[in-house]
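Protein chains in written order, with this note's numbering: chain P, 15 to 437; chain V, 913 to 1233.
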């Protein structure tokens, strides 16, 4: 009996230690100071934003911004969500447009309605729409990624190839590239990992995957427009007219570096990463408009593009808005973003005369091409579970490319997974 | 808990007994003090997370009311998450792939480990210490690094192995395509695990009395016969232990396929159960469903471990008899 009670005591003691160890995490948060300098925590992955933060910090001793990049784009939402739920979240974060619905339906974002008027007139209506949910503004747009056909100018010229303007021409060109000497050349790579690209291609063809009617979400991924796009790419893959390396896998990078893949569909931000990955190809690339289904009515989708958001837990909403408005929605800010090679979401930044990207120092047409693409952007209704759709597309397209499931299953399966997740 | 039963002495004299009790009591206090840090760690790193996960698995984040993007709300669903995990065909498909993987990997692991250990134990093996270290070294390489390294060797376009084979007109099978992906994963796992398991079996061999081997040799056994009739039965319990490790390792397989998945379309996000858990928790922000699936997996691990441990008791009893 005595022994048992001692054991109980020991266990209780252990639990007490464990619990106290557990609870000693939250205490440091409470220091709220209205006067004196505040430090804002800003999680952002975008390259060169730190340079803009330095400028701000030098000019604003009272509002210091501490920038850190806890994760690359894709893993960021989960890190932010976990941190906010644990009461340890940052004041501000960068969010891809595609990730905004995840944040909003997780309920972790501070709305920006109080400052709406200072923000909205700096951007196009479509851009404001992509950061507004249920009519409420939740983010300040930073950069846009209108899709461009980034291609190897030198290889196109050497082989007498012309940039395709329609998807039919694209297919003929892909056939032609396959007949080039060596037999190992491809016009483009199509990877199941690029779910956002596939969604963009479907959007271009007129798909509307999510719609909200009568207080309920409708999922319509298995529609005619998407089917048409899928059939087009299925044909290219099955006839071996495009390569199917995993994006950013070593074999893909090797294929691009050695000039075996001639082009890629990327956002206007592409020159930055391309320069990092293939420093030997400076001057060899050019940007062009993506192929169209109907050239009379050009439609362009975005690959990427991001906004900055303010998290629910912040004690410094006013200061955060002040900083983010300066960074993204002021003329000075837009000029600064242009300086660090961003294609700004702000209209002012898009109109600035600027030097070509470092990847293509002679290509004075690059930024005008990007602006032209941005003027044809289609507006998007993101579903609240866009991430679920993306993993499902990656899985099902992967199965189809791999040959473990028929192409006909891709859209019905994705449609069902996304629908069930919402139901 | 285990060895507290002191022999009972029938005695009428109470004084020595009281003394013995006091000594025993102070021993106990001392013992508890010593194991307290371990218990505390156990509670913090094991019990509390499990209790927390069980709690998580009972809730679900349901769509909130008021608009298309209304914040989700926590709702108690009891065993609902378990039911939906068990009703999900991708869960069973991932278990099935896990079973295929384990059924091939575990016997191969045991077999190769035994052979390596027996080879190490052969008399007249030179540089034994060196071989032992060389065999053990891959175990020290983190599985993520190992998968990356092997991944590079698997990609025909950049692999020196494929290029070498190609230059002499040999066509190697594409290991990152179709069902060959099992070969690719199992190879990485074996490469990392054989050394560890071989050393365990080798250590067991070291405890074999030299007289028994000498006796067998005097009886006319050659090395093969000694291995077959003396050494093998002796290391059976240790081999079962390595099998246990391998089975638990198989259930927890995650980093190797995850790393390889960036190289191939043959591995998708729900290929193995833990990858599915990761997808739920970190891509879909559905911690509740991830917690339910994890607990189901943990239960399966415990059950399998008990089964193998039972087998081990059985075999060691047999080996000793």
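Backbone N, C-alpha and C fix where the C-beta goes; we use that ideal spot for every residue, glycine too.
Exercise for review: List the whole-angstrom C-beta distance separating residue 162(P) from residue 387(P), where the pair is believed to meet the contact cut-off of C-beta under 8 Å.
Suggested key: 6 Å
Check your understanding: Among 98(P), 77(P), 316(P) and 410(P), which has the Cα closest to the Cα of residue 121(P)?
Key -> Per the C-alpha coordinates, the member of 98(P), 77(P), 316(P) and 410(P) positioned closest to residue 121(P) is 98(P).
Check your understanding: Thinking C-beta only, is residue 111(P) closer than 9 Å to residue 321(P)?
Key -> Closer than 9 Å, so yes.
Review point. With distances taken between CB atoms, is the gap from residue 356(P) to residue 157(P) smaller than 9 Å?
Key: Yes.
Practice item. At 9 Å on the CB atoms, spell out the chain P contacts of residue 1074(V), in chain order. Key: In chain order: nothing, as chain P lies at least about 11 Å away.
Practice item. Give the straight-line distance between the Cα atoms of residue 62(P) and residue 69(P), rounded to the nearest whole angstrom. Key: 12 Å
Exercise for review: Note down, in chain order, every chain V residue with its Cβ under 9 Å from the Cβ of residue 120(P).
Suggested key: What residue 120(P) touches in chain V: 973, 983, 984 and 1197.
Review point. Taking residue 958(V) as the reference, which of 972(V), 983(V) and 1210(V) has the closest Cα?
Key: Comparing alpha carbon positions, the residue from 972(V), 983(V) and 1210(V) closest to residue 958(V) is 1210(V).
Exercise for review: Taking all protein chains shown into account, decide if residue 1023(V) is buried (16 or more other Cβ within 10 angstroms of its Cβ) or exposed.
Suggested key: exposed
Check your understanding: Assuming residue 258(P) and residue 251(P) make a contact with CB atoms under 8 Å, what is their CB distance in whole Å?
Key -> 6 Å
**Study point:** Min CB distance residue 145(P) to chain V below 9 Å
**Key:** no
Check your understanding: What residues in the segment 1058–1071 of chain V bring their beta carbon closer than 7 Å to a beta carbon of chain P?
Key -> 1064, 1067, 1069 and 1070
Review point. When Cβ atoms are compared, which residues of the segment 946–979 of chain V fall closer than 7 Å to chain P?
Key: 948, 951, 952, 955, 956, 960 and 979
Practice item. Using a Cβ-Cβ cut-off of less than 8 Å, give me the residues of the segment 251–263 of chain P that come near chain V, in sequence order. Key: Answer set for the segment 251–263 of chain P: 258, 260, 262 and 263.
Review point. Near residue 368(P), what residues of its chain come up, given a Cβ to Cβ distance below 8 Å and the 5 sequence neighbours on each side ignored?
Key: Setting aside the 5 residues that flank it on each side, residue 368(P) is surrounded in the same chain by 352 and 381, each with a C-beta closer than 8 Å to its C-beta; the list follows chain order.
Exercise for review: Could you spell out the range, first to last residue, of the beta strand (DSSP E) harbouring residue 985(V)?
Suggested key: 985–988
Practice item. Could you check if residue 1136(V) is buried or exposed, using at least 16 other CB atoms within 10 Å of its CB as the buried criterion? Key: exposed
Review point. Which residues mark the beginning and the end of the alpha helix (DSSP H) in which residue 157(P) is found?
Key: Per DSSP, residue 157(P) belongs to no alpha helix (DSSP H); it is in the beta strand (DSSP E), 154–160.
**Study point:** Length of the line joining the Cα atoms of residue 169(P) and residue 278(P)
**Key:** 13 Å
Exercise for review: Closer than 7 Å by beta-carbon distance: list the chain V residues that pair up with residue 413(P), in chain order.
Suggested key: 1180
**Study point:** Backbone secondary structure at residue 363(P) - three-state DSSP
**Key:** helix
Exercise for review: Check the Cβ-Cβ distances between residue 991(V) and every residue of chain P, and say whether any is below 9 Å.
Suggested key: no
Review point. For residue 72(P), does the count of other Cβ atoms within 10 angstroms reach 16, so buried, or fall short, so exposed?
Key: exposed
Review point. Does the distance from the C-beta atom of residue 82(P) to that of residue 115(P) stay below 9 Å?
Key: no
Exercise for review: Would you kindly report the start and end of the unbroken beta strand (DSSP E) that includes residue 78(P)?
Suggested key: 77–82
Practice item. Can you tell me which of 1087(V), 1078(V), 985(V) and 1052(V) puts its alpha carbon nearest to the alpha carbon of residue 1067(V)? Key: 1087(V)
Review point. In its own chain, which residues sit with a C-beta less than 7 Å from the C-beta of residue 333(P), not counting the 5 before and 5 after it?
Key: 52, 54 and 77
Point to revise | Close Cβ partners of residue 1020(V) (< 8 Å) along its chain, the five nearest in sequence each way excluded | key: 1098 and 1102
Check your understanding: Quick one: complete alpha helix (DSSP H) runs, 4+ long, within the segment 147–210 of chain P?
Key -> 167–172 and 181–192
Check your understanding: Taking C-alpha atoms, which residue in 941(V), 977(V) and 1034(V) lies nearest to residue 445(P)?
Key -> The requested residue 445(P) is not part of the displayed model; chain P covers only 15 to 437.
Practice item. In angstroms with no decimal places, state the Cα-to-Cα distance between residue 1116(V) and residue 1110(V). Key: C-alpha separation (whole angstroms): 10 Å.
Review point. Mind checking if residue 1194(V) is an interface residue toward chain P, Cβ cutoff 9 Å exclusive?
Key: yes
Exercise for review: Determine the DSSP secondary structure at residue 303(P), reduced to helix, strand or coil.
Suggested key: coil
Check your understanding: Skipping 5 residues on each side, what residues in its chain have a beta carbon closer than 7 Å to that of residue 1072(V)?
Key -> Listed in chain order, the non-local C-beta contacts of residue 1072(V) below 7 Å within the same chain number zero, local neighbours out to five positions each way being set aside.
Check your understanding: What separation, rounded to the nearest whole angstrom, lies between the Cα atoms of residue 1218(V) and residue 1125(V)?
Key -> 34 Å
Practice item. Indicate whether at least one CB of chain P lies closer than 9 Å to the CB of residue 1078(V). Key: no
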